[in-house]
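What follows is a set of notes on a single structure, which appears directly below.
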Amino acid sequence: MKAKLKISNKRVVSKIDERIYGSFIEHMGRAVYGGIYQPSHKTADDKGFRNDVKDLVKELNIPLVRYPGGNFVSGYKWEDGIGPVSQRPKRLDQAWKSVETNEVGLHEFYEWSKEVGMEINMAVNLGTRGIEEARNLLEYCNHPSGTYWSNLRIENGQQKPFNIKTWCLGNEMDGPWQIGHKTADEYGRLAEETAKVMKLVDDSIELVLCGSSSDQMPTFGEWELTVLDHAYEHVDYLSLHQYYGNHENDLEHYLARSLAMDEFIKGVIAMCDAIKAKKRSKKVINLSFDEWNVWYHSNEQDKNVEPWQIAPPILEDHYNFEDALLIGCLMITLLKHSDRVKIACLAQLVNVIAPISTEQDDESLAWKQTIFYPFMHMSNYGRGIALDPEVESPTYATKDFNEVPFVESIAVYNEEESIVTIFAVNRSKESLDFKVELSGYEVMEIRETIEMAGYDIKADNDVNNQVVKPSVKENVSFNSSDVLTSLSGLSWNVIRCLVKE
Ligand code: AHR
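Going by full-length UniProt numbering, the first residue of the sequence shown is number 1, and it counts up by one from there.
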């Protein structure tokens with residue numbers, strides 16, 4: 001079998017917004033306590049944050065982290081997490097039936113985020129709370145000084161404003177499980193009024209309006225149209241959330257879930273633009289895919305978790321090789337839509353459905369799940385301009401899609417380094433001859449070639465064994481306008497070429 005990717009400097013999708021490589025830390029499970037923060041761990045710094053976790057997080061080169069939830073935020077009092085730690089209350093978190101100690105709050109998380117090089121994408125509670133608490137939080141974070149909330153921030157040790165630029169107006173407010181769940185009209189009005197007031201406090205911020213919790217929600221579509229109708233002129237992004245799983249143990253179907261993501265994104269863009277037209281607005285609403293990942297491996301074990309524990313081990317999916325391949329397909333899909341998807345957050349970052357895991361002791365070091373690698377490659381090498389991919393590939397059919405291309409691929413041009421990076425997944429079990437035709441770029445040299453291939457699709461990693469990991473890809477040749485290789489059956493591939501434009 002043969003496949004081809006054609007790219008040209010004349011056909012670009014968009015300059016990629018680096019926030020498309022965002023992630024997410026929620027106060028739930030062992031994401032914060034026992035994840036990023038564990039004062040008793042042998043690598044803990046003087047504030048209690050684990051250095052081994054920080055090191056792995058830095059390898060992922062994540063520019064933006066959504067915080068503090070998730071479902072958690074809809075019952076959260078952000079004021080519980082400021083001031084002297086010894087005086088902070090322990091609270092019941094109804095979202096995850098856990099106990100929140102509030103040892104880590106805004107200041108601690110901000111300092112951690114700076115150390116690992118991330119901006120915060122802050123979510124406000126529009127479940128149990130509203131306009132006033134969101135306004136106060138923003139004033140606390142971003143106002144320089146001289147008011148009650150900004151002075152309190154300074155008293156608590158932070159002279160300069162946190163200057164948080166991206167804010168989420170609640171979380172999954174369409175979901176009946178959400179604390180303070182609302183109808184589309186109720187949420188649309190609240191979000192509109194909260195957005196207005198927040199932008200009066202700081203007009204440099206950008207706001208994300210909640211879209212549906214997944215495209216399978218019964219209210220999907222109606223929800224988007226209604227909330228946009230209310231809040232369109234006051235917000236900047238609409239959110240999408242979607243988790244995938246190989247529930248039927250059907251590899252071909254599973255690896256085609258990125259086509260479902262593609263349809264989801266196209267549908268939400270159409271709805272944003274329909275409301276733009278209806279309102280005769282000049283403004284374009286872009287998308288924030290602020291929760292996406294594989295999530296299903298831990299579903300059964302989570303049924304047995306006792307309620308009201310501190311940092312219970314929940315949502316601790318153990319990812320395998322087929323999950324890594326799907327993550328590659330999903331990331332390529334996000335880049336294909338980088339003209340409209342400006343923010344995306346891999347949910348989540350540590351222990352909870354995460355690329356990084358820790359054990360429940362003070363000695364073992366954090367380790368990399370299989371999905372760590374495609375995310376790391378994309379985040380590090382996928383900066384620049386996404387080139388519109390014209391892919392010629394044989395296809396296969398699934399119950400949902402008649403034509404699933406065996407090859408999923410895209411290329412990114414990084415102007416500063418004069419590098420074109422090609423990312424490709426081969427969904428077929430057979431190897432494929434793969435030719436990349438470049439127009440407008442002269443290939444000077446192949447700088448680096450990476451592949452993940454040859455593993456059992458169910459192979460996974462653990463604290464002692466990094467079974468699934470990248471290796472150098474062999475057999476890549478080139479001439480000035482083509483790159484030639486073969487893609488191993490079921491493989492993730494990265495080819496980095498030095499080019500002259
Ligand atoms: O990421 C885990 C949970 O998934 C989040 O708290 C929620 O927003 C979503 O349902």
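We treat Cβ as the ideally placed atom computed from N, Cα and C, and that holds for glycine.
Using the DSSP secondary-structure output, state which residues sit across from residue i in a beta bridge.
{"i": "Y455", "result": "DSSP, once it has assigned bridges, lists no residue as partnering Y455."}
{"i": "A424", "result": "S409 and N493"}
{"i": "D460", "result": "N320"}
{"i": "W292", "result": "Q242 and L346"}
{"i": "V116", "result": "Answer is none; V116 lacks a bridge partner."}
{"i": "D482", "result": "E437 and N479"}
{"i": "Q309", "result": "S98"}
{"i": "E390", "result": "K6"}
{"i": "T358", "result": "None, per the DSSP bridge assignment."}
{"i": "I385", "result": "K15 and Y413"}
{"i": "V472", "result": "I450"}
{"i": "L287", "result": "L238 and V341"}
{"i": "Y396", "result": "V404"}
{"i": "E442", "result": "K500"}
Does the beta-carbon of residue i, which I'm using as the reference point, lie nearer than 7 Å to any heavy atom of the ligand AHR?
{"i": "E172", "result": "yes"}
{"i": "G81", "result": "no"}
{"i": "A347", "result": "yes"}
{"i": "H181", "result": "no"}
{"i": "F220", "result": "no"}
{"i": "I25", "result": "no"}
{"i": "N286", "result": "no"}
{"i": "E357", "result": "Note that residue 357 is Ser in the sequence shown here, rather than Glu. No, the ligand AHR has no heavy atom inside 7 Å of this Cβ."}
{"i": "F72", "result": "yes"}
{"i": "H107", "result": "no"}
{"i": "G69", "result": "yes"}
{"i": "L315", "result": "yes"}
{"i": "S213", "result": "yes"}
{"i": "H241", "result": "yes"}
{"i": "I353", "result": "yes"}
With DSSP run on the structure shown, which of helix, strand or coil describes residue i?
{"i": "D433", "result": "strand"}
{"i": "Q466", "result": "coil"}
{"i": "C210", "result": "coil"}
{"i": "S401", "result": "It should be pointed out that residue 401 corresponds to Phe in this sequence rather than to Ser. Correct three-state label for F401: coil."}
{"i": "V352", "result": "coil"}
{"i": "R447", "result": "strand"}
{"i": "Q301", "result": "helix"}
{"i": "G122", "result": "Here the sequence assigns Met to residue 122, which means Gly is not the residue at that position. Looking at M122 - three-state DSSP - the assignment turns out to be strand."}
{"i": "V12", "result": "strand"}
{"i": "L315", "result": "coil"}
{"i": "K500", "result": "strand"}
{"i": "L487", "result": "strand"}
{"i": "K368", "result": "strand"}
{"i": "I379", "result": "First, the amino acid is wrong: residue 379 is Ser here, not Ile. Helix."}
{"i": "E18", "result": "helix"}
{"i": "T128", "result": "coil"}
{"i": "E417", "result": "coil"}
{"i": "E263", "result": "helix"}
{"i": "E363", "result": "coil"}
{"i": "P374", "result": "helix"}
{"i": "G328", "result": "helix"}
{"i": "R135", "result": "helix"}
{"i": "T333", "result": "helix"}
{"i": "K282", "result": "coil"}
{"i": "H107", "result": "helix"}
{"i": "C1", "result": "The sequence given here has Met at residue 1, not Cys. Coil at M1, not helix or strand."}
Using a Cβ-based criterion (distance less than 7 Å to any ligand heavy atom), does residue i qualify as near the ligand GDP?
{"i": "E291", "result": "This structure lacks the ligand GDP; its bound ligands are the ligand AHR."}
Checklist entry - Mind pulling the beta strand (DSSP E) runs of 3 or more residues that sit fully within the region 231-257? => result You should have 237-244.
Item to check | alpha helix (DSSP H) runs wholly inside the region 151-228, at least 4 long, in chain order | outcome: Qualifying alpha helix (DSSP H) stretches, in chain order: 184-201.
Checklist entry - Any contact of the region 484-501 with the region 432-440, i.e. 3+ C-beta pairs under 8 Å? => result Because the criterion of three Cβ pairs below 8 Å is met, the region 484-501 and the region 432-440 touch.
Next on the checklist: Give the list of continuous beta strand (DSSP E) stretches no shorter than 3 residues that lie fully inside the region 20-104.
Outcome noted: DSSP runs (the beta strand (DSSP E)) wholly in the region 20-104: 22-24, 64-67, 91-93 and 98-100.
Item to check | Inter-stretch contact (C-beta, 8 Å, three-pair minimum) for the region 195-203 and the region 223-239 | outcome: Remark: three or more beta-carbon pairs, one from each stretch, lie closer than 8 Å, so the region 195-203 and the region 223-239 are flagged as touching.
Item to check | Contact the region 80-96 vs the region 60-67: 3+ CB pairs below 8 Å | outcome: Cβ pair count under 8 Å is below three, so no.
Next on the checklist: Under 8 Å: do the region 24-40 and the region 357-364 share three or more Cβ pairs, one atom per stretch?
Outcome noted: Taking a cut-off of 8 Å on C-beta distances, the region 24-40 touches the region 357-364, as three or more cross pairs fall below it.
Next on the checklist: Within 8 Å, do at least three Cβ pairs link the region 162-172 to the region 198-218?
Outcome noted: Yes, the region 198-218 is in contact with the region 162-172.
Checklist entry - Counting pairs of Cβ atoms below 8 Å between the region 472-487 and the region 36-45, do you hit three or more? => result Contact fails: fewer than three Cβ-Cβ distances are below 8 Å.
Item to check | Cβ pair count under 8 Å reaching 3, the region 310-322 against the region 258-272 | outcome: As far as the Cβ criterion goes, the region 310-322 does not touch the region 258-272, which means the pair count is below three.
Next on the checklist: So, does the region 21-32 touch the region 346-356, judging by three or more C-beta pairs under 8 Å?
Outcome noted: Contact between the region 21-32 and the region 346-356 is present, because at least three Cβ pairs lie under 8 Å.
Next on the checklist: For the region 293-309 against the region 394-402, do three or more pairs of beta-carbon atoms, one drawn from each stretch, fall closer than 8 Å, so that the two count as touching?
Outcome noted: In the pairwise beta carbon analysis, the region 293-309 is classified as not touching the region 394-402: fewer than three pairs are separated by under 8 Å.
Next on the checklist: I'd like to know if the region 219-232 and the region 140-149 are in contact, where contact means that at least 3 CB-CB pairs between them fall below 8 Å.
Outcome noted: Touching, no, given that fewer than three Cβ pairs across the two stretches are closer than 8 Å.
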